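Everything on this sheet refers to the single structure shown next.
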Amino acid sequence: MVRVCQLHGQLGLLMSVLRMQSQKDLFMKHHNTADGRIKVWLGIRQIMNSTDRLLTETRDTAKELETGIHMHIAEIPYENQLIVETRGVDNGTVTYLEKIKFLQNNLLAAHTVWVNEKEIDCLAKAGVKVSHCPAAAMRMLGFSPIKEMLSAGVCVSLGTDGAPSNNRMSIVDEMYLASLINKGREVFSTGTTNPTALPAETILRMATINGAKSALWDKEIGSLEVGKKADIVVINPSSWSMMPIHDCFCAPRLIPRDMCHFTSNKYKHFQPCLLHEN
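Numbering (UniProt numbering) for the sequence shown: 1 to 278.
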């Protein structure tokens, strides 16, 4: 992928310039392989080391290939400060990406922490999907305005970020953390407690159908519907970590031992992918 490193006011060393055609070749070779389970997207690390040419060519190539783009957006305050100083906009990354028409419904924006109300509206209107990474947020990034995004109509799913920013790669853990930190954020943003700020039902939706929508895969997976692929997680309600169960949505924290994940293969038979015997 074409990339130029720009380091705080001076051009860094030019990295190897890979033709966009090579990305297309990789897409044609690997996309939809493994019975359709492997999907190939284009990736932008972040705006601070991406030129306008890289952004626009990536946008156009993704549209041509009918695939998605993953990019870390509005991750830290310095990112927005740098974009205001160098790209001629009055806010930050989202404002600039909207200006160059990069915001589209095939874009998955990781983190998206430091955004204002106007930028949230831009995300919603463009159909951009947001991946909320609670563990990474707790570690170093800050807390995304998830409640406000959902209210504006933004599709928000859950992510883990990379291992150096998390030390775990469990979406179940992210469900648990998302529920807690967004209730805590409510105290600081409104001055009052609100235990329903991000209810368990919403968290479950973020982890399932919203995850499928974010992956541009919701026509096949993400919910149990006639015609969709069977992708089922079965939970053992008798485990000690699940007790007591007054509401299945609000049950105590899960551990991997409580779960069994099934998926259907090309022969339409269920195969256990993760099974822990009690």
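For every residue, glycine included, the Cβ atom is placed at its ideal position computed from N, Cα and C. Note that the structure is predicted; figures quoted are calculated from it, not measured.
Based on the DSSP output, what are the partners of residue i in its beta bridges?
i	result
A109	M71 and V130
V84	Its beta-bridge partners do not exist; DSSP assigns none.
I44	M71
C155	K129
Tell me where the beta strand (DSSP E) around residue i begins and ends.
i	result
M232	In the sequence as presented, Met is not what sits at residue 232; that position holds Ile. Its beta strand (DSSP E) spans residues D231 to I235.
Are there 16 or more other CB atoms within 10 angstroms of the CB of residue i, so buried, or fewer, so exposed?
i	result
K147	buried
A109	buried
S238	exposed
Y267	Confidence at Y267 is low in this model, with a pLDDT of 42, below 50, so its placement is unreliable and no value can be given for it.
H246	exposed
H30	exposed
L224	exposed
M71	buried
N32	exposed
V130	buried
D117	Before going on, a small fix: residue 117 reads as Glu here, not Asp. Per the 10 Å Cβ criterion, exposed.
N210	buried
P145	buried
E220	exposed
N167	exposed
Ordered along the chain, which non-local residues of its own chain (more than five positions away) have a Cβ less than 8 Å from that of residue i?
i	result
P77	W114 and G142
L177	P134, A135 and M138
I181	P134, A137, M138 and F143
Quick check: residue i and residue j, are their CB atoms within less than 8 Å of each other?
i	j	result
C133	D173	no
V128	V154	yes
K24	T58	no
G222	A212	yes
M28	L82	no
L150	S179	no
T67	V40	yes
L107	I69	yes
E79	G88	no
A152	H111	no
What does a CB cutoff of less than 7 Å around residue i pick up in its chain, not counting 5 residues either side in sequence?
i	result
A207	L158, I171 and M175
V187	T193
C122	V94, E98 and L103
M169	T160 and A163
R185	F143
For the alpha helix (DSSP H) that contains residue i, what are its first and last residues?
i	result
V94	T93 to K99
G36	T33 to G36
K172	Sequence check: residue 172 is Val here, not Lys. Residues I171 to T190.
residue 298	Nothing about residue 298 can be read from this structure; the chain reaches only from 1 to 278.
R59	D52 to L65
L103	Where L103 is concerned, there is no enclosing alpha helix (DSSP H), given that its DSSP letter is neither H nor E.
H246	No alpha helix (DSSP H) contains H246, which DSSP labels as neither H nor E.
residue 286	The displayed coordinates of the chain run from 1 to 278. Any statement about residue 286 would go beyond what the structure contains.
Going along the chain, which residues of its own chain have a beta-carbon closer than 6 Å to the beta-carbon of residue i, five neighbours each way excluded?
i	result
N105	G127
A215	none
L65	F27
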